Structures are given as structure tokens and as C-alpha cells.
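Reviewing the structure listed below.
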Amino acid sequence: MAYYDSKAELDYVREVENPSHIKLEFVYDPNFKNNVNYSYTAVQIPTDIYKGAPVILNELNWTQALEKVFMENSREDPSLLWQAFGSATGVTRYYPATPWKAPDKIDLYDVRRRPWYIQGASSPKDMVILVDVSGSVSGLTLKLIKASVMEMLDTLSDDDYVNVARFNEKAVAVVPCFSHLVQANVRNKKIFKDAVQQMQAKGTTDYKSGFHFAFNQLLNKTNVPRANCNKIIMLFTDGGEDRAQDVFMQYNWPNKTVRVFTFSVGQHNYDVTPLQWIACTNKGYYFEIRSICAIRINTQEYLDVLGRPMVLAGSEAKQVQWTNVYQDALGLGMVVTGTLPVFNLTMDGNSQNQLILGVMGVDVHLDEIKRLTPRYNLGANGYIFAIDPNGYLLLHPNLQPKLVNLPEPVTLDFLDAELEDSNKEEVRNKSNKCYRYGFLAVFASTDGGITRVFPNIAAELWDEDPEPFNSNFYRRSLDNKGYMFRSTLRSCDHTGAAPRGVFVPSIADVLTDFEHAFVSLADVLIEGFETKESSCVTIQSQFYFTNTTNSYNMLQDCGNCSRLFHAKRIENTNLLFICFYVCCYRHNQQPTVQEENPCEVLNNTRYRKGPTSCFDYSALENTSECGRGHSLQSSIGVLLFIQLTLPLFHLSHMQTL
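Structure follows, in C-alpha cells:
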């Protein structure tokens with residue numbers, strides 16, 4: 122079986138020769154911003170997965186049939202961009218084929234951790250992560266637990282809600298002001314990760330305190346927004362004897378509306394049977410994390426369990442989900458992806474198979490959406506924006522991310538990109554609540570008073586003034602007496618003794634080249650280091666003119682000083698005249714940071730609609746598949762043999778003495 126391995130040319134895999142790999146020739150396509158081959162698909166396998174494993178070879182075999190399907194789709198719709206299938210085993214097959222773009226470091230790309238796969242593989246989640254910080258987990262085990270929790274947070278999307286708690290004798294939230302579930306957006310996950318790194322091990326273990334905290338978070342009736350779908354508890358511990366059976370009887374049995382997943386972390390000799398029992402009796406799964414290599418794979422396989430009700434729902438669950446805006450891994454830029462889950466509908470004995478095979482995805486570039494918008498119908502100050510069900514922007518003039526290859530979706534709330542007021546909040550809520558109003562029509566108006574509208578049915582909804590000259594759109598088109606000004610272009614004036622057209626570098630240019638060379642060298646030297654992120658956004662005061670105001674006079678407060686300024690519009694132009702006093706002088710002036718206080722944000726929670734469908738329960742689900750660990754379990758025959766031979770060994774030993 123031959124296939125194109127997109128990572129075959131990378132330095133760290135060249136040492137291993139793959140006989141199944143085929144070499145291709147590529148041509149540049151401006152639509153993909155890449156060199157592509159339209160006759161083949163490409164395969165990407167995560168670095169930490171063995172390509173020769175039987176499950177991977179089987180995956181490569183049956184996904185080969187997707188190649189013809191992708192090519193046929195592209196012929197029917199030439200505007201299609203990347204078509205991809207992400208498998209539950211980690212294999213990605215995408216079309217058209219192109220070499221994989223890996224970072225300078227080791228490539229850690231895994232399709233199962235991409236935003237489009239996470240949102241398509243399961244329904245939204247309400248999750249509480251319990252972290253055992255008793256004295257027994259100190260040292261390497263605590264480091265493994267911290268790393269595992271951070272990886273677990275990366276499996277959550279904007280549709281999910283989460284809280285993290287540490288427990289020993291008592292359970293408390295790792296972020297004190299997060300008293301309830303919060304949205305798993307980029308900002309909140311970063312706050313959780315910073316708090317998890319500060320945890321210390323001490324005291325004794327009490328599972329009951331942790332589970333009481335978790336069930337109260339998930340089952341309490343509040344007005345706080347949440348996913349209202351899958352309810353999950355994640356327990357990270359080294360082990361223990363307590364099964365907390367009375368807590369489950371109080372909160373979760375017999376309906377078992379909350380799934381409990383348990384993780385045995387670290388190298389130890391504890392009996393893991395209680396952890397297995399907790400997971401199996403609460404529709405969850407048991408995992409073991411013995412080393413750092415097992416963290417990524419074991420913190421993402423719970424998605425297969427959450428996908429069971431979706432698989433058993435069959436065609437009802439075949440619904441297209443659209444992601445938030447994110448950076449395409451192959452360099453296409455800002456895209457949104459339409460996803461569809463793929464199920465295994467074969468019969469497993471007498472029961473239906475309940476495994477999710479993976480997720481299909483088709484990318485749509487933001488420029489393609491912009492081309493379909495009627496921007497030419499807008500006025501001088503008009504603009505187009507689009508938001509998702511969470512209120513995050515898909516399109517907006519202020520949505521201009523500066524970084525590339527962002528691992529997380531770009532999340533900018535509509536109200537954060539605008540001057541927030543009651544009208545903007547109403548627009549946001551109505552968009553999320555899917556109210557639809559208005560109509561689209563093509564029309565032409567004349568000075569003689571005739572307006573022709575197409576289609577004819579649009580005339581019934583036409584509410585403009587019958588006289589074209591009195592209509593707003595007509596008068597705006599005639600209002601062209603103003604003057605539009607623009608700033609002068611900066612010219613690059615190089616003076617020297619050389620002929621015109623020959624650039625003679627100055628001393629500043631030479632120093633700049635040295636600086637660039639040094640920075641490039643420094644990037645190589647510090648390749649393995651990461652800098653701590655900090656906010657560089659400063660507070661700003663914004664003002665806007667209404668139809669009735671054309672000037673401002675204000676004394677602006679700047680902390681411990683003030684500043685007077687005057688602003689006035691110049692009529693019939695786009696110019697603004699501004700006059701202000703010089704800045705007041707302050708010693709040790711520190712810039713004011715506009716970074717949001719997470720505790721204050723929780724007090725003004727915004728409306729989030731989220732997905733409309735939920736698949737968290739199926740009466741056909743087989744919950745007996747709940748994980749098995751390396752517990753010390755002996756058969757009855759072995760125990761009987763030991764009981765019979767032990768007296769004989771003791772008697773023989775006495776005779777020898």
C-alpha cells in the first residue's frame with residue numbers, strides 16, 4: 122500500500138526509510154498559497170505514533186478510498202479548499218497533497234487536538250477537574266499531574282465550560298474567584314494553567330470532599346451559562362482505597378447523569394481497583410499515566426467515550442458544525458471549518474458498534490466569505506461583521522490578529538471590538554438568538570420618480586418614500602460636495618554619490634543589517650526557551666461624533682493629573698481638528714494595562730447561545746468498556762495453590778532446622 126507521507130522530508134524522520142512512501146511533484150496554487158498535487162492525497166501522522174503499528178496501517182488502507190471522493194468533490198466545486206479527514210487514531214488525510222509545514226522545533230501537531238476535530242467529535246461539555254494535592258503526590262507525580270491537567274484543558278473548545286479544583290482534606294477552586302463553571306476560552310484556560318503551576322502537595326487524601334465539590338458545581342441550579350450537555354468529572358490522583366460510594370449514591374445514582382473519568386498518575390504500587398470501580402460504575406473510563414510520554418494520548422481518549430451517544434444516534438447526529446476563526450496549519454491563513462462526524466455503523470456481535478472513526482472537515486477562507494458580502498451596498502461608514510453562536514467575531518474590521526500559527530482559535534467578542542452600549546448588546550443577543558429580519562432586493566430609481574424593484578415580491582415590503590428624491594438612499598448618493606483628504610505618502614529618500622537607481626547604504630542601514638543578523642542568531646540560540654506572555658494593551662479613551670454634535674471640549678483624567686483637549690469637525694471634509702495641552706509630567710510613570718480582571722468579567726457574564734444539538738445519552742450504550750489497568754488481581758486457583766503449599770513448605774523448613 123503506497124501513500125504520500127507529508128512529513129517524509131522533515132529532518133528528524135529522514136533517518137527512517139519508509140518503503141510505502143511515494144514521491145510527488147508539486148505546482149504552486151495561489152488559492153492554497155502552497156505547492157500542491159491534485160492527483161493524490163497526503164497523510165500526516167503525529168510524531169509520537171509509530172507508523173508501522175497495525176491500527177495505523179489499517180487506517181491508511183481504508184482511508185485510501187477517500188482520495189477519489191476528494192478529487193470528485195474538487196471537480197464539482199473548484200472553489201473548495203482543504204478537504205481533510207481526521208481519524209480517532211491520529212491519522213490525517215487531506216487533499217490536495219502538499220508537504221507538511223513543521224515548526225523549527227519538533228512537530229507536535231495532532232489532529233485530535235485541533236479546534237475543528239474537538240468540536241466535531243463530541244457534544245459540548247461541562248467539566249470539573251479534580252486534582253489530588255495530598256502529600257503522597259509530591260515530587261515527580263505532582264509534576265506529571267500538572268502537565269496532565271494542562272493537556273486536558275487544551276482538549277476543550279469555546280463551547281465547553283470548566284472549573285479546576287485541588288483537594289486533600291478539603292476541596293477548593295484553584296482560581297478563588299471562579300466559584301462556578303467558566304467558559305473554556307483562551308483567556309480562562311491560561312488563568313487555570315497559571316494557577317495549576319502554583320499547586321503544592323500536602324495533607325491527606327479525601328476523595329469525598331473532591332466529589333462533593335464537583336457534583337455541586339455540575340448539578341446546582343443557577344443562571345450562570347453553561348454547556349448543559351455532557352457532564353464530566355476528571356480525577357487525577359496517584360491512588361487510594363476510598364471509593365466514595367455514598368457520594369455517588371447521593372448525587373449520581375441511579376440515573377448516572379455525570380460521567381467520572383479517573384487517571385492513575387505516576388509510578389507507584391497502589392491498588393488501582395478503587396479507581397477502576399469509580400470509573401466503571403459512573404459511565405466513565407480509567408486511564409494510567411506512568412510517564413510524560415503517556416500524557417497526550419491518555420488525556421484525549423475520553424473524547425471517544427463521549428462520542429458513543431453520537432454514534433448510536435446515527436443519522437440524527439450527522440449535523441455540520443462550524444468552528445471559530447483559527448489559523449490554518451498549512452499556511453492558508455484565517456479560516457473557519459465545517460465539520461461532520463464519521464461513525465462506524467457495522468455490527469459488533471449482536472450490538473451496534475459505538476466507536477467514532479473521526480471527523481471530516483472542509484475549510485472556508487475568510488476572504489471567500491468577504492467576497493460574498495454586499496459591501497458595495499454600504500455607505501461610507503458601513504462595514505460588515507459576522508459572529509458565531511458564542512458572540513465571537515468571524516469577520517470585523519478590528520479582527521486583525523498579528524501572530525501566525527496560533528494554536529488556539531482567535532476569540533474576540535463583538536462587544537470588545539466595538540464601543541459597548543445597549544444597542545450593540547441588543548444586536549449581539551439578537552444575532553445569537555437567531556432572529557432574522559429584513560429582505561434583499563435589487564432596485565433602480567430615477568429623477569422622474571420611478572423605482573423598479575426586483576424581484577416583484579420585494580415591492581410588497583418596500584418601505585422607502587415613494588418619491589425617490591425624498592428617500593434616504595437617494596439623498597446619500599447626491600451628497601458628494603465634501604472633500605476627502607488623505608495623509609501624504611512617506612517617501613524613501615536615499616542620497617549618495619551613486620547614479621540614480623543604485624542604492625548606497627547609509628551607516629544606519631548597515632547597523633540595521635547587523636541588528637537583523639544578530640536577532641536571527643539569537644532566535645537560533647534561544648530556540649528551546651519560551652518567554653512569559655504579558656499584556657501590552659494600554660487603556661485608551663475613545664470618542665465619536667453623533668449627528669447633532671460636531672465638537673468636544675473635555676478635561677481628561679490621566680490618573681494623578683488631567684489634560685484639557687478640544688476636538689472639532691471641519692464641515693464638508695473628513696478632517697478633524699484637535700488641540701490639546703502637553704502631557705503632564707509624572708515620575709516613574711507606569712503604563713495603565715487594559716487587561717481584563719477575570720473576577721470582574723464573571724460578574725457581567727455575556728449571553729452565549731452555543732450549539733443547538735446535544736448527544737450525551739443513549740440507552741444502547743455499552744458502558745462495560747471502561748478501561749483496565751495493571752492491578753494486582755490473582756485467580757482463585759492461584760490463591761488455593763498458595764494455601765495448600767504454604768503449610769508443606771513450613772513443615773519442611775521445621776524438619777531442616
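Residues are numbered in our numbering as their position in the sequence shown, beginning at 1, plus a constant of 121.
Ideal Cβ placement from N, Cα and C applies to all residues, glycine included.
Nothing here was measured: the structure is a model prediction, and the numbers come from that model.
Query, Result
"9 Å Cβ cutoff met for V283 and L265", "no"
"Residues of its chain near E130, where Cβ-Cβ distance is below 7 Å and the 5 sequence neighbours each way are ignored", "P220"
"Buried/exposed call for D614, threshold 16 Cβ in 10 Å", "Residue placement at D614 is poorly supported in this model, since its pLDDT is 45, which falls under 50; the coordinates still yield a value, given next. D614 comes out exposed."
"Cβ-based neighbour list, P482, same chain, cut-off 6 Å, excluding 5 preceding and 5 following", "Reading off the sequence, residue 482 comes out as Gly, not Pro. Hits under 6 Å: A205, W237, T458, T460."
"Opening and closing residue of the alpha helix (DSSP H) in which H333 lies", "328 to 340"
"Beta strand (DSSP E) segment containing E409, residue limits", "407 to 410"
"Per DSSP, the bridge partner or partners of H687", "N674, C700"
"Under the three-state DSSP convention, the category W183 falls into", "helix"
"Minimum C-alpha distance to K144 - residue among V164, L536, Q677", "V164"
"Straight-line Cα distance separating L696 from D275", "48 Å"
"When S745, E588, L487 are compared against G569, the one with the closest alpha-carbon", "E588"
"Reduced DSSP secondary structure (H/G/I, E/B, other) of T168", "coil"
"For Q440, the first and last residue of its enclosing alpha helix (DSSP H)", "Where Q440 is concerned, there is no enclosing alpha helix (DSSP H), given that its DSSP letter is neither H nor E."
"Extent of the continuous beta strand (DSSP E) to which V480 belongs", "477 to 486"
"Element boundaries [beta strand (DSSP E), containing I250]", "246 to 253"
"Identity of the residues DSSP links to P573 by a beta bridge", "What sits at residue 573 in the sequence shown is Arg, not Pro. According to DSSP, which records beta bridges pairwise, R573 is partnered with A565."
"Nearest candidate by alpha-carbon position, reference T378, set D534, L277, Y125, S739", "S739"
"Residues of its chain near E180, where Cβ-Cβ distance is below 7 Å and the 5 sequence neighbours each way are ignored", "S208, T210, V212"
"Residue of A292, A365, K314 minimising C-alpha distance to Q338", "A292"
"Contact check, L487 vs L515, beta carbons under 9 Å", "yes"
"Beta strand (DSSP E) runs wholly inside the segment 204 to 228, at least 3 long, in chain order", "204 to 208, 213 to 216"
"Simplified DSSP state of A292, which is helix, strand or coil", "strand"
"At least 3 beta-carbon pairs within less than 8 Å: the segment 309 to 324 vs the segment 251 to 266", "yes"
"Bridge partner(s) assigned by DSSP for Y459", "The sequence shown places Gly at residue 459, rather than the Tyr named in the question. G459 is bridged to W443, V483."
"A580 in three-state terms, based on DSSP", "helix"
"Member of Y124, V386, Y161, S200 whose CA lies at the smallest distance from the CA of S412", "V386"
"Beta-carbon gap between Y328 and T358 smaller than 9 Å", "yes"
"Top-ranked residue by Cα proximity to S243, from F191, G361, M431", "M431"
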